[in-house]
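Numbering (the numbering used here), first residue to last: 16 to 159.
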């Protein structure tokens with residue numbers, strides 16, 4: 016039995032394709048596309064099946080040195096979420112006590128803090144925080 020078939024115009028065609036072999040450029044392009052697609056699918060599976068996203072928000076405060084500017088005392092800070100999940104409405108509070116009396120307070124609210132994101136801010140006091148006890152802490156956050 017032969018693989019040759021007649022078409023309507025009288026010419027014969029081979030049922031196995033008569034296309035020339037693929038060029039080196041086509042083979043390289045196909046290999047790169049297949050590798051890229053496999054890598055992309057692998058990364059998606061890794062992120063989807065991995066343990067990422069399990070740790071709750073973990074806001075960490077870093078207090079910077081006091082700076083005196085225009086007669087006021089600025090206490091800069093950085094807040095970093097070291098957890099895997101996002102924190103919303105992060106409340107940072109500061110209390111300045113001079114001679115064991117609560118002298119000044121401050122409050123900051125960070126609207127949105129995603130995983131590994133850092134936000135900066137500063138508390139401003141009229142009295143020198145270095146002469147008393149300054150407490151700055153994260154008071155609360157919400158899960159979005």
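We treat Cβ as the ideally placed atom computed from N, Cα and C, and that holds for glycine.
Status (buried if at least 16 other CB within 10 Å, exposed otherwise) for residue 117: As a working note, residue 117 is residue 102 in the chain shown. Burial call: exposed.
Reduced DSSP category for residue 121 - H, G, I as helix; E, B as strand; rest coil: Your numbering for residue 121 matches position 106 in the chain shown. Residue 121: strand per DSSP, three-state reduction.
Counted within 10 angstroms of its Cβ, other Cβ atoms place residue 72 as buried (16 or more) or exposed: Here residue 72 corresponds to residue number 57 of the chain shown, with the count starting at 1. So residue 72 ends up on the buried side.
Under 8 angstroms between C-beta atoms of residue 108 and residue 156: Within the chain shown, numbered from 1, the residue matching residue 108 stands at position 93. Within the chain shown, numbered from 1, the residue matching residue 156 stands at position 141. No, these two residues do not count as a Cβ contact at 8 angstroms.
Identity of the residue in 114, 113, 129, 138 nearest residue 122 by Cα: On the chain shown, position 107 is the one that residue 122 refers to. Residue 122 has its Cα closest to that of 138, out of 114, 113, 129, 138.
Distance CB(residue 94)-CB(residue 74) smaller than 8 angstroms: Numbered from 1 along the chain shown, position 79 holds the residue referred to as residue 94. Numbered from 1 along the chain shown, position 59 holds the residue referred to as residue 74. Contact flag set, yes.
Per-residue DSSP class, three states only, for residue 37: Position 22 of the chain shown holds residue 37. Of the three classes helix, strand and coil, the one that applies to residue 37 here is coil, per DSSP.
Own chain, CB closer than 6 angstroms to residue 111, minus 5 neighbours either side, in chain order: The residue labelled residue 111 in the question sits at position 96 within the chain shown. So the list reads 118, 119, 140, 144, 147, 149, once near-sequence residues are dropped.
Per-residue DSSP class, three states only, for residue 144: To locate residue 144, count along the chain shown from 1; it is residue 129. If DSSP states are grouped into helix, strand and coil, residue 144 belongs with the helices.
Member of 136, 97, 78 whose CA lies at the smallest distance from the CA of residue 69: Along the chain shown, read from residue 1 onward, the residue named residue 69 stands at position 54. With distances taken between Cα atoms, residue 69 lies closest to 97.
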